[in-house]
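Q: Sequence positions in the sequence shown follow the working numbering and run -15 to 77. Quick reminder that beta carbons are idealized off the backbone N, C-alpha and C, glycines included. Sharing a structure, written as structure tokens. Questions coming.
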Amino acid sequence: MADDKRRYKAHIGKKTYTIVGPGSDEFMATVTAVLNNQLDQIKSLAPQLSETDAAILLAFNTISDSIKLKDEIKTLQARLADHDDVPPSSDQE
-15 MADDKRRYKA HIGKKTYTIV GPGSDEFMAT VTAVLNNQLD QIKSLAPQLS ETDAAILLAF
45 NTISDSIKLK DEIKTLQARL ADHDDVPPSS DQE
């Protein structure tokens, strides 16, 4: 299972980080690009923030989005389960 993990060098802000995980280089590059884009947006909207504060705000926003998406998935799964319980309509001709 440990063989599934790969090392990826991510250039985030002004630093380079080595990320270890199962994602492909393309996936990691996409994550890095989105992260840098969002970090740049935060810094442009609030230039007085330190790098640390901008990173914490980004983490907060990301976790908030993740929780909202999980809630949406639960709602959709419940709707799908309700739909599966409904017998097909006999009006189809």
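Around the C-beta of alanine 30, are 16 or more other C-beta atoms found within 10 angstroms, so that it is buried, or is it exposed?
A: So alanine 30 counts as exposed.
Q: If we count the other Cβ atoms within 10 Å of its Cβ and call it buried at 16 or more, is alanine 38 buried or exposed?
A: Buried: at least 16 other Cβ atoms inside 10 Å.
Q: DSSP on alanine -6, reduced to helix/strand/coil?
A: Of the three classes helix, strand and coil, the one that applies to alanine -6 here is strand, per DSSP.
Q: For serine 0, which residues does DSSP report across the bridge?
A: Note on identity: in this sequence residue 0 is threonine, with serine being the wrong assignment. For threonine 0, which the question treats as bridged, DSSP gives the partners His(-5).
Q: Could you name the residues that DSSP lists as bridge partners for glycine 7?
A: Note: glycine 7 sits in no beta bridge, so no partner.
Q: Mapping DSSP to helix, strand and coil, what is methionine -15?
A: At methionine -15, the pLDDT of 47 sits below 50, so the modelled position is not reliable; the number obtained from the coordinates is stated separately. In the structure shown, methionine -15 sits in coil (DSSP, three-state: anything other than H, G, I, E or B).
Q: Within the same chain, show all residues whose beta-carbon is closer than 6 Å to that of leucine 41, passing over the 5 residues directly before and after it, in chain order.
A: The answer, listed in chain order, is Ile26.
Q: Under 8 Å: do the region 12 to 27 and the region 53 to 65 share three or more Cβ pairs, one atom per stretch?
A: They do not touch, by the three-pair rule.
Q: Is the beta carbon of arginine -9 less than 9 Å from the beta carbon of proline 6?
A: No, the pair does not count as a contact, with Cβ atoms beyond the cut-off.
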